[in-house]
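Chemist: Quick one: structure below, then a few questions.
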Amino acid sequence: SYRIFRGGSWAEEARGCGATCRRRSHPTFHIDDLGFRLARSI
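Under the numbering used here, the letters of the sequence shown match residues 126 to 167, in that order.
As C-alpha cells, then:
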C-alpha cells in the first residue's frame, strides 16, 4: 500500500505546491524535501 501526501516542496514547480496537489509514495521511500514549515509574523 502507498501513503498519500498533499502539497509540495521547495524542489517542486509552482503548480505542485498547492494543498490540492496530491501524490503517493511507497512507505519505505524517504523524501528529503517533504515536511512542513513553521512561520511567524515579525
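Where is the CB? At the ideal position from N, CA and C, for every residue including glycine.
Have a look at Ser166, Ala164 and Asp158 and flag the residue whose alpha-carbon is nearest the alpha-carbon of glutamate 137.
Modeler: For the purposes of this step, residue 137 is taken as the residue at position 12 of the sequence shown. Closest by C-alpha distance to glutamate 137, out of Ser166, Ala164 and Asp158, is Asp158.
Chemist: Quick one: what does DSSP say arginine 165 is sitting in, helix, strand or coil?
Modeler: As a first step, residue 165 is located in the sequence shown; it is residue number 40 there, counting from the start. If DSSP states are grouped into helix, strand and coil, arginine 165 belongs with coil.
Chemist: Please name the residue, chosen from Arg128, His151 and Cys142, that lies closest to phenylalanine 161 on a Cα-to-Cα basis.
Modeler: Translated into positions along the sequence shown, residue 161 becomes position 36. Nearest of Arg128, His151 and Cys142 to phenylalanine 161, Cα basis: Cys142.
Chemist: In chain order, what residues of the same chain lie with their CB nearer than 7 angstroms to the CB of serine 126, ignoring the 5 residues before and after it?
Modeler: Locating residue 126 in the sequence shown gives position 1, where the first residue counts as 1. So the list is empty, once near-sequence residues are dropped.
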